[in-house]
Structure formats: C-alpha cells, structure tokens
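The next block holds one structure in the form of structure tokens; read it before the comments.
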Amino acid sequence: MKKYDVTGIGNALVDIEFKVKDQFFIDNSVEKGVMTLVDEERQNSLMQVIDTVEAKKQCGGSAANSVIAVSQFGGKSFYCCKVANDELGRFFVEDMKESGVDNNLDSDRLEDGITGKCLVMVTDDSERTMNTFLGITQNFSVKEVNEAAIKDSKFLFIEGYLVTSPNGKEAMMRAKKIAEESSTKVALTFSDPAMVKYFKEGFEDVIGPSVDLLFANEEEAMLFTGKDTLEEAREEMKKAAKHFVITQGKNGALIFDGDTFIDIEPYKTTAIDSNGAGDMFAGAFLYGITNGHSYASSGKLASMASSQIVSQFGPRLKWHQAKEILNRLNP
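Residue numbers (the working numbering): 718 to 1048.
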C-alpha cells in the first residue's frame, strides 16, 4: 500500500489575483489570455499599478493547485518545489501545511533568494491573464525531486511549465524515471498552449515512448499532435499516452480510458473566473482514479469541481465545497 495518492513536481508560486478591465492590458502592454514569463523589474512595475488591497493571495503554481485539490477531496498528496527564505516563501510553506499537503520544504532551511510570484489578472469575460516571475523556482532541479515520495505514490504528476529550463526538464525526466522504476504511474499536464507551441520537442523528450496519463486542452492537443481537428488529434494522442484527458471548457471534456472515448458533460454554471479550472480538473480526476472511481466517475467529479471553480474568484475550493461535491457524486 502506497502512502500517497499523488506526488506532484512543479513551480512554487504565490498567486496574486485581481480584477482588471481590458483597458488595463492596453495601458500596460500586457498580452491578454496567456501566461507570460517576465523579469522581476517588469513584474514590479505592474505591481505598482494594481489594487493590492483587493488582490487575493495564496500559494499556487499549476501542479500545486492540483495536489491541493487531491488533499481537499480526501486524498493524500506530496509536492516537490522550491521557495526562498523570504516572506512569501514562508507564506507558501504555511499555506501548503494548512492545505494538508506534505512537501519537501523546511522553513528553517530555505535558500536565500526571491520566491516566485504570479500576477493573475481576471477580466469581466472570466478570462485569466498571467504574468509570472519565477524567482527561485526557476532553479528547480533534481535536488528538489523527492525520490522516496515518488516511490511511495500511486501517481507522479508533472507540471508542464518545468519544461522551459534545462534544469527543470532534467528534473521532469529524473522524476519520471524514478516513477517508472517504482511502479508509480506517470501523469503529465501540458499546462499552457504556449508551452506546447515553443517547447514541443522538450515535451517529446519527457514523454518518451509514452506516459500513463496526459492532460491537455483542445488547443494544446492540436498543437502537440499537429492536427487541425479534435477528432484527428485524439487519435494521434494515443501514441503519446495510454490514457488522456482533453478538457473542452464549457463543452465538458473527452477522456480516453485506454479502450474507449468517454464524453464528460459540463455542468451549468456562470463563469466569472477561469483561473485554475484546468488545475482543478486534473486534481479532482487524479483523486478519483486513485480512490476507486472509474474514469467516467472521475471525469464527472472533475467536471463538477471545475464548474464550481469558474463560478467563483480564485483557483481553489473551500473545504466544505469539496465535501459537498463528493456528496453530489455519491448521494
């Protein structure tokens, strides 16, 4: 019996989320709707013009959001990451602890540096735009990969954003090798269309012959496979993953369980903030398949959870919401 359902590896960022109007992007030369990596100076200049009083702060990063979701639904998760010995780094450690996620961080032995921050700008159309300064997490390497936790997990969950640096990519491949040698299944998320567009070869190196589970949205699936339609892309995806999930926003999701395709219906909701919807889908789905649920049932749980996330501000459920969603799934 393995101790953890999921061990994730990925960036450790403190998310600072706030509402803006479209004019904000024009005034500050920000590309809407994508994640853009920026340097510290650029991020600080944006910090000067946002309303920090209204901003919401919590520990984040794509895979971090997902392993927190696993914990909230009642699973056991571990997170491998890197933060600095500063105020935000210590905040990250405490927030992870309160979220019930074990991790490789020791608040008494953190390195000097600057903890990464992600400015999440949400517009009235519920779209999210992210400007990220990685800070010390850009130095995430094999040193932060906790071999014992991976070996003692049912699934390793790899965040696609790590592919942007040589040390991050090396850590992804090392973690995958440990998992494969330990009968730990490997899941990978592409994280963002820009990652697939600019780092496709890096993903191909990490995936190798295949992974057990791959998460992508429609755009990422078509970019990675080079296909023009979802029907063609989903057939091509079989070459990269034994199982996969393609999220389709308001149209639900498509799951390949290894034999058949399963359509997951969306749940009606009023979207106000899409931030974290994909992370929540992955976390809820991973909780499901590591806790006795079928692929169809796990997809239903993930669809419920992500519809709740987009109907509120922020990428995380409250604890009682996770319990209520489980109760709806298993009345």
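Just so you know, even glycine gets a beta-carbon here, dropped at the ideal spot from N, CA and C.
Computed from a predicted model, the values in this text were never measured in an experiment.
- Between residue 907 and residue 874 the beta-carbon gap is near 13 angstroms, outside 8 angstroms, which marks them as no contact.
- Around the beta-carbon of residue 739, fewer than 16 other beta-carbon atoms lie within 10 Å, marking it exposed.
- In the structure shown, residue 741 falls within a helical segment according to DSSP collapsed to helix, strand and coil.
- In this structure, the straight-line span from the alpha carbon of residue 898 to that of residue 974 is close to 23 angstroms.
- In the assembly as shown, residue 854 is a buried residue. Its beta-carbon has 16 or more other beta-carbons within 10 Å.
- Taking a C-beta distance under 7 angstroms as the contact criterion, residue 800 and residue 865 do not qualify as a contact pair.
- Spanning the alpha carbons of residue 1005 and residue 830 requires a straight line of approximately 37 angstroms.
- Setting aside the 5 residues that flank it on each side, residue 986 is surrounded in the same chain by 1024, 1025, 1027 and 1028, each with a C-beta closer than 8 angstroms to its C-beta; the list follows chain order.
- Annotated as distal: residue 1035 and residue 869, with beta-carbon spacing of 7 angstroms or more.
- In the three-state scheme derived from DSSP, where H, G and I count as helix and E and B as strand, residue 828 is classed as strand.
- In terms of Cβ geometry, residue 821 and residue 836 do not form a close pair [threshold 7 angstroms].
- In this structure, residue 775 sits near residue 732, with a CB-CB distance shorter than 7 angstroms.
- The straight-line gap separating the alpha-carbon atoms of residue 923 and residue 945 is approximately 24 angstroms.
- Under the three-state reduction of DSSP, residue 1040 is assigned to helix.
- Rounded to the nearest angstrom, the gap between the Cα atoms of residue 795 and residue 727 is 11 angstroms.
- Taking the Cα positions, residue 914 is about 17 angstroms away from residue 749.
- In the three-state reduction of the DSSP assignment, residue 847 falls in the strand class.
- Residue pairing by DSSP places residue 973 opposite 961 and 978 in a beta bridge.
- Within its own chain, the residues whose Cβ lies closer than 6 angstroms to the Cβ of residue 724, once the five positions on either side in sequence are excluded, are 795, 866, 867, 870 and 873, listed in chain order.
- Each of 941, 784 and 905 was checked against the Cα of residue 1000, and the nearest Cα belongs to 784.
- In the DSSP annotation of this structure, the continuous segment of the beta strand (DSSP E) that includes residue 931 starts and ends at 928-934.
- Here residue 865 carries a helix assignment [DSSP, helix/strand/coil].
- Burial check for residue 1002: the Cβ neighbour count within 10 Å reaches 16 or more, so the residue is buried.
- For residue 950, the uninterrupted alpha helix (DSSP H) segment begins and ends at 947-954.
- Look at residue 938 here: in three-state DSSP terms it is helix.
- By the beta-carbon neighbour count (other beta carbons within 10 angstroms, threshold 16), residue 766 is exposed.
- Counting only the Cα atoms, residue 845 lies some 15 angstroms from residue 777.
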